Each structure stands twice: as C-alpha cells, then as structure tokens.
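Numbering (our numbering), first residue to last: 296 to 639. Here is the structure we will look at, set down as structure tokens.
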Ligand code: ADP
Ligand code: MG
C-alpha cells in the first residue's frame, strides 16, 4: 500500500513538471574583446552551425570596429590618434566616437566632474593604465603633474563632430563607457538580423532584449563583492529585466593594497586625483542601454552612496543598487526606489 502511494505522489510531481513548456533552445558562444570575455545568447535562433559561425564573425568585426575607434591599447585607434594630435586643432571623429564622447562629456557635466573621461595620466600614474602597471602611491609632485594634464572642460565637441582640446597633452579615456557601447553594438547587430530574444555581455556589462528561454524576463544575478571573486560567487540580489542593460562597477576586481593594507582601486576621483575611497564596494545600474548603464555605474561609484543616490533618484531612466562594505566585512544593500521595484 505504502509503495503504491509513493508511486502516486511521484507521478503527480512528474506531471506538474510536464505542464511547464520545455525551455526554448539557445544558441550561445563566448569570445574575447577589450581585454575581457564577451557572451552572446540568442533564444530559438534556428541557426545551423555555418550560420552561427557567420554571425559570430559579424559580431567580432563589430567589436573590432569599436576597438579601432575607442581602444587606448591600439596605437592607431581613433582615440589614440586624437590623443597624439596637437591642442587647439579641431579633429574630425566618426559618428560613433562623437556619440560616445558626447555622452561622456554630458555625464561629466551633470555629475560635476565626478565622471571625467580625461583621467588617463592619473590612471597610468596609479598603475591601472596601458602605460604603467607600477602599483604604488605616487609622490605629491607626480600627482600634481598628472592632475594638471586632466580636465573634461578642456574638451569641446561641435555639432559636426569636430573634437578639440585646449590643453596640450590632454588625452581622452573612454574606458568607463566603451564596453557598454560595445554591448549596444552587439545587440543592434542581432536585432538587425531579426533576433528578438537576446543576451549580450562584455565583462560586467550586460544587455538583454525580449524573453529568456522560459519565455519570461531575463533573470540577472548581482554577485556579492569579493576580493577573490569567482564565477560562482554568492548572490546579493536578482533582477528580472527585459530590453534593458545592467552594469556593475566596483573596487574589488582591479585594485592593489599599500603597505598599510589600504585599498586603491582603478576608479579615480577627479577631484582628488586619487582612487575613490569610501564605503561603497560595488554599484549596479539598470538603464535603457549599455553605454548609459556603464557610464552611470562608474559615475555613481565616484559619487558614493549619499550623493550617488540623489543623482540616480533624479534620473527617471535608471535605477541602482549600492553595496556598502561594513566594518565587520559584511555588506549592506542600498537600492534606489526604482531598483527595489525590479527585485520584487
Ligand atoms: P570596468 O573597466 O571594470 O568595467 P568601469 O566601467 O567602472 O569599470 O570603468 C573603469 C575605467 O574607467 C578605468 O579603468 C578608467 O579607464 C576609467 N576611469 C577611472 N576613473 C574614472 C572617472 N572618474 N571617470 C571616468 N572614467 C574613469
Ligand atoms: Mg563604467
């Protein structure tokens, strides 16, 4: 009798599981770009291996183009050529380059310089740039010298896409927005091919469209900050989003510690010339597109939780989760009101 009952229970469990439609097939691959991993997932793509290979080549060519425009590492990228060009001479930039630098300058203005795309000399000085990996506290003289070569207000971009610096040696660094823009280009490429349900990411920049393989919004996990970050890191929160981008900036993946054990990370506060020092360990932003999410997460990281929360609550297009490091090593979560609504 007991055995029959157990079998009956088992049958009910199986039949209710069968009521869920099976997940749709996913075409997915990963590759390398901008010093990071990128991922593409397409739901129910119906692509044969040759077509998938063709699409992969197309996406990689788009990413190579973004690199030819905005990379600090390629010596003849558009950005590197602008950085070598003399001051006070208008330099014609491509449409994409103009869009991304216009966005970066707008973010600099609205954040009153917390975001600043001209900090290359300071980023190199602290050992996080393409020119130097010497990670130590610089001398006050070296700091002052590097700081004097920065400042977003020395850049002007005309309606016609002419970019001009009025300070010799001023260099543009789009490192805080280029990955997000790359993700936008990936999604635009997939949409142009008619794919409606997609996921594209470069490192911590993600953008999703339509639905996941289960036919619902995409569930994206936000991991807890950790100095030994791994793929299977415990989650801080989960958001269900569609047709949105998500970006995370933090101080726990690229940093060094000085002799006193103090942490110095790769995001610089333009106002001090030094790595951001406050209690925010990580910040995650949800915004309509990758470039906006990427730029905002870096900006909010510089602003910190008090100023940053005011800034994000004033923007109706975006939401943020601040993850605060507490004295005992645990974390406290501070969601903006729009972010809290997405996790419910
Ligand atoms: P990640 O590179 O880890 O994705 P971010 O998107 O936050 O992180 O961008 C960090 C990069 O942005 C740095 O490596 C540097 O090139 C640049 N950067 C650092 N500080 C600032 C700042 N205050 N404003 C704009 N860009 C910055
Ligand atoms: Mg960023």
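Even for Gly, the Cβ is constructed at its ideal location relative to N, Cα and C. Quick caveat, the model's predicted, so the values are computed rather than measured.
Query                                                                                                                : Result
Between the CA atoms of residue 530 and residue 304 - distance to the nearest angstrom                               : Legend: pLDDT at residue 304 = 42, less than 50; position of this residue unreliable, no value from coordinates given.
Collapsed DSSP secondary structure at residue 460 in the structure displayed                                         : strand
Closest residue to residue 478 among 354, 341 and 348 (Cα-Cα distance)                                               : 354
Own chain partners of residue 457 with C-beta closer than 8 Å, once the 5 adjacent residues on each side are dropped : 385, 386, 387 and 388
Ligand 2 heavy atom lying under 6 Å from the CB of residue 587                                                       : no
Validate contact between the segment 449-464 and the segment 558-571 using beta carbons, cut 8 Å, 3 pairs            : no
Three-state secondary structure assigned by DSSP to residue 560                                                      : strand
Residue 569 (DSSP reduced to helix, strand or coil)                                                                  : strand
Buried versus exposed, by CB contacts within 10 Å (16 or more), residue 416                                          : buried
Through-space distance from residue 504 to residue 429, alpha-carbon basis                                           : 41 Å
Span of the alpha helix (DSSP H), counted from its first residue to its last, around residue 508                     : Unbroken run through residue 508: none, as it is neither H nor E.
Sequence-distant residues of the same chain with beta carbon closer than 6 Å to residue 466, five excluded per side  : 378 and 415
Alpha carbon of residue 340 to alpha carbon of residue 322, nearest angstrom                                         : 6 Å
Sequence ranges, beta strand (DSSP E) only - wholly within the segment 319-379, length at least 3                    : 321-328 and 331-338
Three-way DSSP call (helix, strand, coil) for residue 544 in this model                                              : strand
Buried/exposed call for residue 333, threshold 16 Cβ in 10 Å                                                         : buried
Backbone secondary structure at residue 500 - three-state DSSP                                                       : strand
Cβ neighbour criterion (16 or more within 10 Å) applied to residue 383                                               : exposed
Cutoff 6 Å; reference residue 481; Cβ partners in own chain excluding five residues on either side                   : 354 and 495
Continuous beta strand (DSSP E) stretch holding residue 514: start and end                                           : 513-518
Bridge partner(s) assigned by DSSP for residue 628                                                                   : 618
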